[in-house]
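Below: one structure, written as structure tokens.
Residue numbers (our numbering), protein chains in the order written: chain A, 17 to 273; chain B, 864 to 1158; chain C, 9 to 324.
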């Protein structure tokens, strides 16, 4: 299946969704989506509430069953995989609300990213700790290693969560509304982090509301509404597209005034 | 046919007991494990008072109802509300409420046990006397008539009230979304205590009627009924009062059948087995609307 | 010292038996699995061991082994069926299982001795044997509370969806919990029965569930240490306060209710709380709500149970 808008024809798609649909008892949350994620790019999904973005993320991670369609990662159809196998393939995700173990330290929380993916031998344990350290350094939270999440600011909790995802050393990172409730400066930090991860070759899919952040960060933008893809392509062009603006940018502009 | 009548009577008492539990559980989400103890203690209180004063049936029932309502409301106010306040959200409170209910239940049961020296008690000193009639070849007692009429009447009345009245809707709103309901002006705490009072009243009613019907009640009856009520509610479907009515009579019918087949010692297995089967095969019950949480 | 031991030998025995029983429920609670099947497995293990010993002339330890394994297997099978249920529903289904065991025992005819149970199953078990077995179980559980495994278990309990997203096979953990709790419960039942030489249906009913729960509530459900504290308190309190024997059930009830309201973490949780406050200097640390008891919180966003529940992708 070819993706109609593969803007750099030589870049392989590490992920492909083909006519993916998710129906819940009469509601078509995702209604026949097809797209691909080129390796090493940051792809954004823009859409108003209820457009199906989070359901799509759930479908990609196999938390939500597909009504129809295929999912391919690194060339393999993984659409019948059980959800807990998806991280082992190399797909990691963060959640809309930061989900950490409140009773454990930051270091332990980040280590969780490695716990299922790295074995228990002494060498492997050391490797796991190194991965965790590196991940915390990348996100700027290594000084918080011994703190507990309930004592941290929201921005720092976000960093820890992203560190945990990075510690999984994924090949594809799904980021679900990472900047909700953040100020402009913090959003720019997240954006910078994502771009530095891209520089190392990590493919990322980000779901967000903040149009400016998406335009600044993403290589490709997909606009969704009512479970369907309305427009896709260069972020600046997508954002100027009349269909997209009509659908919801009006509300967005008012919201971010 | 005689068995059918017995089933109706038995089922009506089960129904009244289970209605109280179902009401609290499906509206405010409280599964009160002390419901059985309240059932026993209310009937005992009526027995205690009637031992000194010969009372007519309505008075005895009234005492039982009032005691039941009070105990239940107190439990909610003193035990469950504090637990809810100290829990992050309703789900985490559930186990603590379950355990709190078990703890609270031990207190009235211990009192009754001590006062009766573990012997069953009855309403021997009441002015009420059982009369037997013969209608169309069936043995019918005035008691069973009363039980059936009261049981079905209240069940239907409660179902309609919940569906049609403003307070009923308010209650159901709390069950669906407590926060939104309180934002819309529904006083959750007051309604919760009120609901538990009604539930307790139903337990008291069921308790006194059971004593009239069976002439005696043992201390451990409450616990047995608790599990049966759970079976009825699960079978009928949580959130549906009509379901509880169905569940009560199905259970009563199944138990009567077991007795008729001379397998009386297996009778408890009926409710346990029902719980099991329903949860596995059709967890939302027959009329259930709310989603049973599954991982 | 020896005198004290001799004088209190029976109580010590009771404490160990209660602890083993409680551990069979504490383990699943720590996993976020509200299963009380361990109590039913106590009955299965006890009856199996008694029957093997008295009617099939199996020796003490083979009987215990048989009881333990059979209970574990049956509990695992139960788990296969019910592991997808959560919260109260799982709790009630497992309580139903436990009560069915009692009914089967009552109706088992001459094999199970009906309502009077089995007598004369006096195995060659000493307190020391029990202590060793208990130590093995406790060490196993303690190890599972630390490091990688402990973290993963905490995640399975507090946020199963997150656990799946981290690559943890939550369904398998839950099923294995049933196996483990069945083995522990079965062992507890087998050993207790052959130690006391009798078992009756009346001993394995709802009351036993209440006892196990009480132990955990009072001691604290997050760790085997809590179960130990609870078992000691429950078993020794009547001895220490023997003058309140008549009022015992009432005090019992009060203690359980108060613990459920004010001490979600039990005694252990309270101690951990106090240590935390002292460490952080000021008294501003939030009360550490005990993980297992206040568990299954899920995301603090809209309650997942009200929305279409996404099942784990793929088959059962």
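Just so you know, even glycine gets a beta-carbon here, dropped at the ideal spot from N, CA and C.
Quick caveat, the model's predicted, so the values are computed rather than measured.
- For the C-beta of residue 206/C, not a single chain B residue is nearer than 8 Å; the gap to the nearest is close to 20 Å.
- Among the CB atoms of chain C, one or more fall inside 8 Å of the CB of residue 967/B.
- Listed as beta-bridge partners of residue 39/A by DSSP are 44/A.
- Residue nearest to residue 260/C within the set 230/C, 225/C, 139/C, 280/C is 225/C (criterion: CA-CA distance).
- For residue 258/A, the closest Cβ of chain C is not nearer than 8 Å.
- For residue 1147/B, the secondary structure class from DSSP, reduced to helix, strand or coil, is coil.
- Shown here, residue 176/C sits in coil according to DSSP, grouped into three states, outside any helix or strand.
- Counting only runs of 4+ residues, the alpha helix (DSSP H) found wholly inside the stretch 179-239 of chain A occupies 200-215, 227-233, in chain order.
- Per DSSP, the unbroken beta strand (DSSP E) holding residue 60/A starts and ends at 58-62.
- Cβ neighbours of residue 201/C within its own chain (closer than 7 Å, five residues either side excluded): 54, 57, 58, 129, 207.
- Taking a contact to require three or more Cβ pairs closer than 8 Å, the stretch 250-263 of chain A and the stretch 73-92 of chain A do not qualify as touching.
- Unbroken beta strand (DSSP E) runs of no fewer than 3 residues, entirely contained in the stretch 160-204 of chain C, are not found.
- 8 Å or more divides the Cβ of residue 79/C from the Cβ of residue 227/C.
- Pairing residue 129/A with residue 251/A gives a Cβ-Cβ distance that is not under 8 Å.
- Residue 215/A and residue 193/A have their alpha carbons spaced roughly 21 Å apart.
- Within the same chain, Cβ atoms closer than 7 Å to the Cβ of residue 965/B are found at 896, the five residues on either side in sequence being excluded.
- Taking a contact to require three or more Cβ pairs closer than 8 Å, the stretch 915-922 of chain B and the stretch 870-884 of chain B do not qualify as touching.
- Within chain C, the residues placing a beta-carbon under 7 Å from that of residue 957/B are 95, 96, ordered along the chain.
- For residue 159/C, at least one C-beta of chain A is nearer than 8 Å to its own C-beta.
- Taking the Cα of residue 118/A as reference, the smallest distance to any Cα among 77/C, 159/C, 21/C is reached at 159/C.
- Residue 9/C sits in coil when the DSSP states are folded into three classes, being neither helix nor strand.
- For residue 1007/B, same chain residues with a beta-carbon under 6 Å away, outside a window of 5 residues either side, are 872 in chain order.
- Distance check between residue 1148/B and each of 1106/B, 901/B, 1090/B places 1106/B closest, using alpha-carbon atoms only.
- Contacts with chain A (Cβ-Cβ distance below 9 Å) from the stretch 165-180 of chain C involve 166, 167, 169, 170, 171, 172, 173, 174, 175, 176, 177, 178, 179, 180, listed in chain order.
- Under the 10 Å beta carbon count, residue 888/B is surrounded by 16 or more other beta carbons and is classified as buried.
- The three-state reading of DSSP puts residue 998/B in strand, counting E and B together.
- Put simply, of 868/B, 956/B, 924/B the residue whose alpha carbon is nearest the alpha carbon of residue 985/B is 924/B.
- The Cβ atoms of residue 157/A and residue 122/A sit closer than 8 Å to each other.
- Membership of residue 86/A in the beta strand (DSSP E) is indicated by the continuous run 84-89.
- Residues of the stretch 115-138 of chain C whose Cβ lies closer than 9 Å to any Cβ of chain B, in chain order: 115, 122, 123.
- Under a criterion of Cβ atoms nearer than 8 Å, the residues of chain A adjacent to residue 162/C are, in order, 117, 119, 120.
- Using a Cβ-Cβ distance cut-off of 8 Å, the stretch 231-247 of chain C and the stretch 935-955 of chain B are not in contact, since fewer than three pairs of beta carbons, one from each stretch, lie closer than that value.
- Chain-order list of chain C residues neighbouring residue 104/A: 175, by C-beta distance under 8 Å.
- Contacts between residue 104/C and chain B, judged by CB atoms closer than 9 Å, involve 1090, 1093, 1094, 1134, 1135, 1136, 1137, 1138, 1139, 1142 in chain order.
- Within the same chain, 866 come within 8 Å of residue 1123/B by CB-CB distance, once the 5 residues on both sides are set aside.
- In the DSSP assignment, residue 52/A forms a beta bridge with 32/A.
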